[in-house]
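Numbers -23 to -1, 1 to 39, taken from mature numbering (1 follows the signal peptide of the UniProt record, and there is no 0), label the letters of the sequence shown in order.
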Amino acid sequence: MKAKALLVVLLMVLLSAPSAALAVLNVGDQATEFNIPDTAWVNHQLTEFRGRVVMILFWQQW
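Below you can see the structure in the form of structure tokens.
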């Protein structure tokens, strides 16, 4: 029983460790490439707006 509990605790610790993929971006860092749909459901890539200021608003209607 102790071995099972230890395994569960070990898995919880390993799975809660921060990933390198979750690295924090700082002001001035280059954004990663992504696709996002607009209000007409047309997908756009970030590279389409290279050289322009891009502001993305996220919201949720409840």
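Glycine residues also receive a C-beta, built at the ideal position from the N, C-alpha and C atoms.
Just curious, the alpha helix (DSSP H) that Met(-12) is in, first and last residue? Residue mapping note: residue -12 aligns to position 12 of the sequence shown, counting from 1. Lys(-22) to Ser(-8) is the extent of the alpha helix (DSSP H) around Met(-12).
Mind pulling the beta strand (DSSP E) runs of 3 or more residues that sit fully within the segment 1 to 35? The segment 1 to 35 contains these whole beta strand (DSSP E) runs: 12 to 14 and 20 to 22.
Measuring straight from C-alpha to C-alpha, what distance separates Ile13 and Val1? The sequence position of residue 13 within the sequence shown is 36, counting from 1. The sequence position of residue 1 within the sequence shown is 24, counting from 1. C-alpha separation (whole angstroms): 21 Å.
Rounded C-alpha distance that separates Glu10 from Ala(-19): By one-based count along the sequence shown, residue 10 stands at place 33. By one-based count along the sequence shown, residue -19 stands at place 5. Answer to the nearest angstrom: the Cα atoms are 41 Å apart.
Nearest-angstrom Cα separation, counted from Trp39 out to Ala8: Residue numbering aside, residue 8 sits at position 31 when the sequence shown is read from its first letter. Residue numbering aside, residue 39 sits at position 62 when the sequence shown is read from its first letter. If you draw a straight line from the Cα of Ala8 to the Cα of Trp39, it comes to about 29 Å.
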